[in-house]
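What follows is a single structure, written as structure tokens, with notes after it.
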Amino acid sequence: MTVEVYLLEFGGLMRQSGRSAVFIIHIMQMRRFLPFLNWPRLTLKRFEREFFAGLTVGLLALPQSVAYAGLAGMPLVTGIYATLLPTLVASLFGATPRLAVGPTALTCLLVFGALSGMAEPGSAQWVLLAGWLALLSGAFQMALGALRQGWLMDLVSGPVLMAFTQAAALLIITSQLPALLALDWSSGVLYSWHLPSAVLGVVSLAFILACKRLRPSIPAVFFLLVLTAAAAWLWGWDELGIGVVGPLPAGFPQLALPGNLGVQQLLELVVPALVIALISFMETAASARLDSVQSGERWDRDQDLIGQGAGKLSAALCGAFPVSTSFSRSALNLFAGAQSGWSNVFCCVVVAIVLAVGLPVLAWVPKAVLAAVVVASVLGLFKPQPWKMLWQTSRRDLLVAVTTLVITYLAAPSMYWGICAGLVLSLLIFVYRRLNPRIVELGRHPDHSLRDRQVWELPPLHPHCLVVRPDCSLDYLIAPAFERRMLDFCEGRDDLRAVYIFMTGVNLIDATGLEVLTRLFERFRKQELQIHLVGAKLDVERRMKLLFSRREDIRFHRTEQEALASMQDMPVEEEDEVASPTNGN
Numbered sequence: 014m015t016v017e018v019y020l021l022e023f024g025g026l027m028r029q030s031g032r033s034a035v036f037i038i039h040i041m042q043m044r045r046f047l048p049f050l051n052w053p054r055l056t057l058k059r060f061e062r063e064f065f066a067g068l069t070v071g072l073l074a075l076p077q078s079v080a081y082a083g084l085a086g087m088p089l090v091t092g093i094y095a096t097l098l099p100t101l102v103a104s105l106f107g108a109t110p111r112l113a114v115g116p117t118a119l120t121c122l123l124v125f126g127a128l129s130g131m132a133e134p135g136s137a138q139w140v141l142l143a144g145w146l147a148l149l150s151g152a153f154q155m156a157l158g159a160l161r162q163g164w165l166m167d168l169v170s171g172p173v174l175m176a177f178t179q180a181a182a183l184l185i186i187t188s189q190l191p192a193l194l195a196l197d198w199s200s201g202v203l204y205s206w207h208l209p210s211a212v213l214g215v216v217s218l219a220f221i222l223a224c225k226r227l228r229p230s231i232p233a234v235f236f237l238l239v240l241t242a243a244a245a246w247l248w249g250w251d252e253l254g255i256g257v258v259g260p261l262p263a264g265f266p267q268l269a270l271p272g273n274l275g276v277q278q279l280l281e282l283v284v285p286a287l288v289i290a291l292i293s294f295m296e297t298a299a300s301a302r303l304d305s306v307q308s309g310e311r312w313d314r315d316q317d318l319i320g321q322g323a324g325k326l327s328a329a330l331c332g333a334f335p336v337s338t339s340f341s342r343s344a345l346n347l348f349a350g351a352q353s354g355w356s357n358v359f360c361c362v363v364v365a366i367v368l369a370v371g372l373p374v375l376a377w378v379p380k381a382v383l384a385a386v387v388v389a390s391v392l393g394l395f396k397p398q399p400w401k402m403l404w405q406t407s408r409r410d411l412l413v414a415v416t417t418l419v420i421t422y423l424a425a426p427s428m429y430w431g432i433c434a435g436l437v438l439s440l441l442i443f444v445y446r447r448l449n450p451r452i453v454e455l456g457r458h459p460d461h462s463l464r465d466r467q468v469w470e471l472p473p474l475h476p477h478c479l480v481v482r483p484d485c486s487l488d489y490l491i492a493p494a495f496e497r498r499m500l501d502f503c504e505g506r507d508d509l510r511a512v513y514i515f516m517t518g519v520n521l522i523d524a525t526g527l528e529v530l531t532r533l534f535e536r537f538r539k540q541e542l543q544i545h546l547v548g549a550k551l552d553v554e555r556r557m558k559l560l561f562s563r564r565e566d567i568r569f570h571r572t573e574q575e576a577l578a579s580m581q582d583m584p585v586e587e588e589d590e591v592a593s594p595t596n597g598n
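Quick note on numbering: this note's numbering labels position 4 of the sequence shown as 17, and the sequence is numbered without any gaps.
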């Protein structure tokens with residue numbers, strides 16, 4: 014039974030005092046801004062299920078968060094900070110409470126790229142800048158969610174996001190190879206490495222991948238870290254040259270806003286913060302849609318924007334860095350049986366216990382194992398199928414994807430230029446497509462439908478009629494192209510008596526579109542052509558009738574059959590063949 018039901022029952026008890034209606038209205042309003050009021054009440058059975066899911070996700074999140082903190086250039090313990098409070102806050106205020114929020118590989122790489130050149134990784138200034146980056150990106154997301162402007166996140170197309178993600182995965186793997194294989198680039202000898210560390214890294218990577226394939230529900234990463242930390246402590250691997258994490262500061266983070274920052278540095282963080290807000294929410298969207306399919310509930314992206322933004326703000330408060338939704342941990346949460354946000358509450362309990370008493374174990378984790386954790390997490394991002402699909406279906410989108418991939422990789426560490434380039438190129442192609450709309454002359458197909466005469470090599474519907482269908486809106490971008498195309502159709506057609514424009518594909522017409530129609534119709538009147546407007550949508554028809562309803566040379570037809578019937582009544586020469594009325598497609 015949900016909190017809502019209990020509140021309604023309590024409201025029923027208050028009817029005698031006459032205050033229940035106001036009380037219930039206030040509660041309903043609170044539910045919109047406090048989604049955790051919708052969580053179900055914990056029963057013993059639900060407690061067992063939610064606790065098991067939270068424990069499973071927590072055991073995976075701990076090693077990943079430490080590894081991802083290193084990827085972001087942050088002190089490793091801040092990865093645990095970013096898995097504690099932000100996970101809880103995002104779950105409390107998000108519309109999809111089962112999402113696993115915390116450090117992710119892609120967001121951490123964006124953090125490292127944004128701050129490179131501004132400070133030394135791991136320094137106090139670096140941590141300060143990361144806090145401001147979390148604050149700005151969280152504020153952007155909360156503002157968009159509060160203003161119900163989540164649609165802006167749809168500006169990034171699927172090919173751009175796919176290419177950016179794969180380029181980032183390649184950069185992540187490249188950055189982790191020195192730690193994974195203990196490569197020594199500073200020695201001046203290419204491909205030199207510390208053999209025991211390299212063997213440990215490769216074996217760890219193989220172990221993680223094998224467990225993910227065979228038994229994904231087992232927290233293999235956590236067990237691997239515990240076993241290798243124990244082995245490093247027992248046999249003194251650090252004395253053999255195998256690098257370990259080292260001591261981590263114990264205790265919980267102190268909550269405070271990031272310190273003062275100069276205006277110039279703050280401005281430098283604006284664009285990276287926008288990109289992080291955008292990309293991290295794309296990660297959230299992927300997991301939220303999966304959750305929505307399983308739960309059967311409609312996804313409220315604006316409320317999830319608020320929740321994700323609140324999670325980032327809480328990360329800034331505890332001295333961490335921008336967080337996002339982990340697809341793998343969210344999927345594991347669902348697979349483990351989570352039904353509400355209670356699983357994330359228990360996940361935070363597990364993380365808090367480790368933060369309080371378990372940090373000495375993490376101090377002995379080999380760095381090669383942490384690198385293996387990161388590499389194993391991003392290998393799944395490489396997928397050839399999207400590239401094959403783009404090659405087969407849309408070469409223009411393939412061009413956008415390739416451009417995004419190349420610029421993202423070459424612009425590293427300032428990877429946000431890749432997604433900016435992909436976004437700009439996508440918008441340019443979108444405008445180009447709008448400027449070159451599909452406007453066809455119709456003919457009769459053997460299957461009795463109306464098709465493109467040029468493509469199918471069809472006879473005209475009537476020898477003295479031009480029958481055209483614009484498959485586009487007539488707005489200020491498209492209307493001039495429509496005018497040019499109509500003049501091309503009419504050129505050399507001295508035998509025309511009527512022009513039929515099938516308006517079924519026109520969803521919108523603006524002032525420019527009406528102006529173009531006025532010019533065309535005036536030209537047709539001088540040529541003594543009858544004009545027939547067919548199947549216009551209500552709003553489009555209303556706008557056109559305001560200008561053309563009084564003209565005798567313009568007729569409106571509600572259906573295609575009515576228009577084709579009027580065409581049959583038009584006299585023709587004996588040798589001309591008239592198409593019979595058909596149903597248009």
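We put the CB at the ideal spot given by N, CA and C, even for glycine.
Residue i burial status per 10 Å Cβ neighbour count (16 or more: buried)
i      : result
Lys325 : buried
Asn346 : buried
Ile319 : buried
Gly599 : Residue 599 cannot be examined here, being either before or after the span of the chain that is shown, 14 to 598.
Ala34  : With a pLDDT of only 49 at Ala34, under 50, the local geometry of the prediction cannot be trusted, and no value is derived from it.
Arg314 : buried
His461 : exposed
Ala381 : buried
Tyr445 : exposed
Leu73  : buried
Gly71  : buried
Leu291 : buried
Asp607 : The requested residue 607 does not occur in the structure, where the chain is confined to residues 14 to 598.
Ala125 : Inspection of the sequence shows that residue 125 is occupied by Phe rather than by Ala. Buried.
Phe220 : buried
Lys233 : The sequence given here has Ala at residue 233, not Lys. Result: buried.
Local conformation of residue i per DSSP, three classes
i      : result
Tyr94  : helix
Ala34  : Because Ala34 carries a pLDDT of 49, less than 50, the predicted location of this residue cannot be relied on, and the following value inherits that uncertainty. The answer is helix: DSSP assigns Ala34 an H, G or I state.
Ser217 : helix
Thr69  : helix
Arg571 : coil
Arg464 : strand
Pro584 : coil
Thr338 : strand
Arg28  : Low confidence applies here, because Arg28 scores a pLDDT of 48, under 50, leaving its location unreliable; read the following figure in that light. If DSSP states are grouped into helix, strand and coil, Arg28 belongs with the helices.
Leu546 : strand
Val79  : helix
Beta-carbon separation (whole angstroms), residue i vs residue j, contact threshold 8 angstroms
i      : j      : result
Thr531 : Ala492 : That pair is no contact at about 11 angstroms.
Ala351 : Arg111 : 5 angstroms
Phe334 : Ala549 : No, Phe334 and Ala549 are not in contact; Cβ-Cβ is about 54 angstroms, not under 8 angstroms.
Asp488 : Leu521 : 6 angstroms
Leu270 : Ala127 : Actually they do not touch by this definition, with Cβ atoms about 19 angstroms apart.
Pro116 : Leu403 : Not quite, the Cβ-Cβ distance comes to about 30 angstroms (not below 8 angstroms), so this is no contact.
Ala82  : Pro76  : Going by Cβ atoms, the distance from Ala82 to Pro76 rounds to 11 angstroms, so no, they are not a contact pair.
Val169 : Met295 : 6 angstroms
Ala103 : Ala384 : Not confirmed; about 27 angstroms, so no contact.
Pro262 : Val437 : No, Pro262 and Val437 are not in contact; Cβ-Cβ is about 43 angstroms, not under 8 angstroms.
Pro10  : Val216 : The structure shown does not extend to residue 10, since the chain is modelled only from 14 to 598, so the question has no answer here.
Ile289 : Thr120 : 6 angstroms
Leu123 : Cys331 : Rounded, the Cβ-Cβ distance is 20 angstroms, inconsistent with contact.
Tyr422 : Leu183 : 6 angstroms
Gly86  : Pro134 : 3 angstroms
Residue i versus residue j - alpha carbon distance
i      : j      : result
Leu57  : Phe64  : 10 angstroms
Thr417 : Pro397 : 16 angstroms
Met131 : Trp139 : 8 angstroms
Ile366 : Gly272 : 28 angstroms
Ile544 : Phe515 : 11 angstroms
Arg506 : Ser407 : 36 angstroms
Ala578 : Leu542 : 18 angstroms
Pro373 : Phe235 : 15 angstroms
Val239 : Val212 : 18 angstroms
Leu247 : Arg342 : 31 angstroms
Pro2   : Ala118 : Any property of residue 2 remains undetermined from this structure, which presents the chain solely from 14 to 598.
Arg563 : Val547 : 17 angstroms
Asp251 : Ala245 : 7 angstroms
Lys401 : Gly107 : 36 angstroms
| Is the segment 352-360 touching the segment 147-162 in the sense that three or more CB pairs, one from each, lie closer than 8 angstroms? | Verdict: no, contact absent.
| message | Quick test of the definition: if touching needs 3 or more C-beta pairs under 8 angstroms, does the segment 223-234 touch the segment 366-378? | response | In short, these stretches do not touch, since the Cβ pair count stays below three.
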